[in-house]
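Below is one structure, written out as structure tokens; the observations come after it.
In the working numbering, the protein residues as written are 1 to 221.
Right, dumping it as structure tokens:
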């Protein structure tokens, strides 16, 4: 690990890397809270079973109210969009569902991509510090007097090694967090797409049921 004294002695190269680390921690914490708590996964089966029951009983307002009760779940937002468009043609319902899925997917994935960028920037900043340290070392060998040459050479090598380690110390956790958060985001988006399909199925069943009821009444008459 890079201790405080090493950081102070190489602050010119360490400070930008430390700044990227601060941004990375902020994004990781915010996105982790959002994806794990604000956008929880699972529970679709029971939710849509209840939605199906209410819709087939023609209790659309109750079905919408159920979606409002679980407003924290993007899945419920998708279902609500479909229910509110139940009176529209199927093409318009599908378009509305797709738009809602896209909007929710953007919210789910926002800022996560910055982690990949921060990892690359931290690595490049570490490389920059490494090159600067090596230049300092070569300058010492070529220009410094014998008394100070070894000290300047050691400082240059220390700058190079510490910059490399600091850059990697930021980049590696960023890439791990990026992979985890992207996997979580992709799974949530799949849930949203499945929710859109299930919402359309429920509305088709409702329409099919109403057609059967109409035909039965006509035959009875």
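Each residue gets a CB set at the ideal place from its N, CA and C atoms; glycine is no exception. Computed from a predicted model, the values in this text were never measured in an experiment.
- Query: Would you call the CB atoms of residue 174 and residue 115 closer than 8 Å?
  - Reply: yes
- Query: Can you list, in chain order, the residues of its chain whose CB lies under 6 Å from that of residue 125, leaving out five sequence neighbours each side?
  - Reply: 16, 17 and 167
- Item | Alpha-carbon to alpha-carbon, residue 38 and residue 73 | 8 Å
- Query: Among 90, 155, 27 and 71, which one has its Cα closest to the Cα of residue 197?
  - Reply: 90
- Message: With a threshold of 8 Å, are at least 3 pairs of Cβ atoms found where one atom belongs to the segment 77–97 and the other to the segment 150–160?
- Response: Contact fails: fewer than three Cβ-Cβ distances are below 8 Å.
- Close Cβ partners of residue 164 (< 6 Å) along its chain, the five nearest in sequence each way excluded: 126 and 130
- Query: Going straight from the alpha carbon of residue 160 to that of residue 134, what length do you get?
  - Reply: 6 Å
- Ignoring anything shorter than 4 residues or poking outside the segment 33–103, list the alpha helix (DSSP H) runs there in chain order. DSSP runs (the alpha helix (DSSP H)) wholly in the segment 33–103: 44–56, 60–69 and 74–84.
- Message: With a threshold of 8 Å on Cβ separation, who are the neighbours of residue 112 within its own chain once the five nearest residues in sequence on each side are excluded?
- Response: Excluding residues up to 5 positions away in sequence, 27, 31, 178, 181, 182 and 185 lie with their Cβ nearer than 8 Å to the Cβ of residue 112 in the same chain.
- Query: By how many angstroms is the C-alpha of residue 118 removed from the C-alpha of residue 77?
  - Reply: 32 Å
- Message: Quick check for students: name the residue ranges of the beta strand (DSSP E) that lie wholly in the segment 102–167, counting only runs of 3 or more.
- Response: none
- Roughly how many angstroms separate the alpha carbons of residue 102 and residue 176, rounded to a whole number? 26 Å
- With a 10 Å radius around its C-beta and 16 neighbouring C-beta atoms as the bar for buried, classify residue 99 as buried or exposed. exposed
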